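Chemist:
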Amino acid sequence: MANPMSILGILHTLVSVPPIVFGVWAFLRDGRIDPANRVGKAYVVSMITSVVTSFGLSSTGGFNPGHGLGLLALLLMAVGAFASGTYVRTLTYSASFMVLLVPGINETLTRLPAGQPLASSPQDPLVQTSLAALLVLFLCGATYQVMKLRARAQPQVHPQS
Numbered sequence: 001m002a003n004p005m006s007i008l009g010i011l012h013t014l015v016s017v018p019p020i021v022f023g024v025w026a027f028l029r030d031g032r033i034d035p036a037n038r039v040g041k042a043y044v045v046s047m048i049t050s051v052v053t054s055f056g057l058s059s060t061g062g063f064n065p066g067h068g069l070g071l072l073a074l075l076l077m078a079v080g081a082f083a084s085g086t087y088v089r090t091l092t093y094s095a096s097f098m099v100l101l102v103p104g105i106n107e108t109l110t111r112l113p114a115g116q117p118l119a120s121s122p123q124d125p126l127v128q129t130s131l132a133a134l135l136v137l138f139l140c141g142a143t144y145q146v147m148k149l150r151a152r153a154q155p156q157v158h159p160q161s
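Read left to right, the sequence shown gives residues 1 to 161 (the UniProt record's numbering).
1) By DSSP, does alanine 132 sit in helix, in strand, or in coil?
2) Between the alpha carbons of phenylalanine 97 and valine 21, how many angstroms are there, rounded?
3) Return the CA-CA distance between glutamine 154 and alanine 95, expressed in angstroms with no decimal places.
4) Say whether the stretch 72-87 touches the stretch 116-136, bearing in mind that this needs 3 or more beta-carbon pairs closer than 8 Å, one atom from each stretch.
5) Since leucine 8 and threonine 53 should fall inside the 8 Å C-beta cutoff, what is the C-beta to C-beta distance between them, to a whole number of angstroms?
6) Histidine 12 to glutamine 160, Cα distance in whole Å?
7) Measuring only the C-alpha atoms, how far is leucine 6 from glycine 56?
8) Need the endpoints of the alpha helix (DSSP H) that arginine 111 sits in, please.
9) Do you know offhand how far valine 79's Cα is from tyrosine 87's?
10) Buried or exposed for glutamine 145, going by 16 or more other Cβ atoms inside 10 Å?
11) Let me make sure I understand the geometry here. Which of Leu112, Arg32 and Gly66 has the alpha-carbon closest to that of leucine 100?
12) Does DSSP put glutamine 116 in a helix, a strand or coil?
13) To which residues of the same chain is leucine 149 closer than 8 Å at the C-beta, ignoring the five residues directly before and after it?
14) State the Cα-Cα distance for the pair alanine 142 and leucine 28, rounded to the nearest angstrom.
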């Protein structure tokens, strides 16, 4: 039988959904998470809330890899916030989104459906394959973002009429 979730676990789960929604919305609308607009700001606030609530949770009784990933996500967003370059800002916010999904994929696959989870542990092939697919999607998305930024930076040459 799966471990029942604590009140904090339920709260953390609820506040961890909005950064995913805002991140996907930003990618679809703008091609990136831009902390200067409303969706980007909502992503940042909801991501911080998600990470902070995770610190009260631990199945091992102390600091765990999920906490480390939360700190990494915050560090990536801090680097992006203070970066002067658009490439660095874009890629660090995208990386923070990917890092958010790592524990989300693990927890979802090892807890759901309740009583009969799809994966038995983080080492389960389903979890490992899902994380590998996430990395491939991130690399493809980052490549696309860099190409879009380069295209935007190229001077537009218009033929004289």
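Ideal Cβ placement from N, Cα and C applies to all residues, glycine included.
In this text the structure is predicted, and so the values were computed from the model without any measurement.
Modeler: Based on what the coordinates show:
1) In the three-state reduction of the DSSP assignment, alanine 132 falls in the helix class.
2) Roughly 11 Å separates the two Cα atoms.
3) Each residue's alpha carbon lies about 25 Å from the other.
4) In this structure the stretch 72-87 does not touch the stretch 116-136; the number of beta carbon pairs closer than 8 Å is below three.
5) At roughly 7 Å, the Cβ-Cβ gap stays under 8 Å, so leucine 8 and threonine 53 are in contact.
6) Straight-line Cα distance between these residues: approximately 58 Å.
7) According to the sequence provided, residue 6 is serine. The question's leucine does not apply to it. Straight-line Cα distance between these residues: approximately 10 Å.
8) Membership of arginine 111 in the alpha helix (DSSP H) is indicated by the continuous run 86-111.
9) Distance between the alpha carbons of valine 79 and tyrosine 87 is about 12 Å.
10) That one is buried.
11) Between leucine 100 and the set Leu112, Arg32 and Gly66, the nearest pair of CA atoms involves Gly66.
12) Glutamine 116 falls in the coil class under three-state DSSP.
13) For leucine 149, where only same-chain residues beyond five positions count, the Cβ hits under 8 Å are Thr86, Tyr87 and Thr90.
14) Cα-Cα distance, rounded: 14 Å.
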